[in-house]
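My numbering puts the sequence shown at residues 356 to 445. Glycine included, every Cβ here is placed at the ideal spot set by N, Cα and C. A short write-up of the structure that comes next.
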Amino acid sequence: MALDEVHISSLVVHVKPESLASVKAQILDMPNTEIHGESEEGKIIVVLETENQGYVTETIDKINNLENVLITFLVYHQIEHFDSQSEDDS
Numbered sequence: 356m357a358l359d360e361v362h363i364s365s366l367v368v369h370v371k372p373e374s375l376a377s378v379k380a381q382i383l384d385m386p387n388t389e390i391h392g393e394s395e396e397g398k399i400i401v402v403l404e405t406e407n408q409g410y411v412t413e414t415i416d417k418i419n420n421l422e423n424v425l426i427t428f429l430v431y432h433q434i435e436h437f438d439s440q441s442e443d444d445s
């Protein structure tokens with residue numbers, strides 16, 4: 356019986372307000388990222404859905420290294436486990 360997992364994480368990314376559009380575009384170019392909100396003050400809500408925790412920390416580092424990103428915060432992280440074999444059988 357094979358067990359798989361999915362990691363669901365939400366981030367708040369604080370950017371220079373004048374760079375909001377360009378940073379959003381760069382984030383959306385990254386795999387497994389979705390933007391669920393933004394503010395004029397330069398805050399972006401990002402959701403990640405990945406297969407492992409390493410990708411979450413790697414993505415946070417990549418976002419932090421984008422030009423005009425001030426800081427990225429991990430707000431929420433949940434791990435969902437499921438049996439991939441039982442899903443294949445249905």
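What distance in whole Å lies between the Cβ atoms of residue j and residue i, which are believed to be in contact at a cut-off of 8 Å?
i: residue 401; j: residue 382; result: 6 Å
i: residue 367; j: residue 437; result: About 28 Å; that fails the 8 Å criterion.
i: residue 392; j: residue 371; result: With a Cβ gap of about 18 Å, residue 392 and residue 371 do not count as contacting.
i: residue 424; j: residue 378; result: 6 Å
Which stretch, first to last residue, makes up the alpha helix (DSSP H) that contains residue i?
i: residue 416; result: 408-419
Can you tell me where the beta strand (DSSP E) holding residue i begins and where it ends?
i: residue 398; result: 398-405
i: residue 384; result: Here residue 384 belongs to no beta strand (DSSP E), and DSSP marks it neither H nor E.
i: residue 435; result: 424-438
With DSSP run on the structure shown, which of helix, strand or coil describes residue i?
i: residue 364; result: strand
i: residue 395; result: coil
i: residue 373; result: helix
i: residue 390; result: strand
i: residue 359; result: strand
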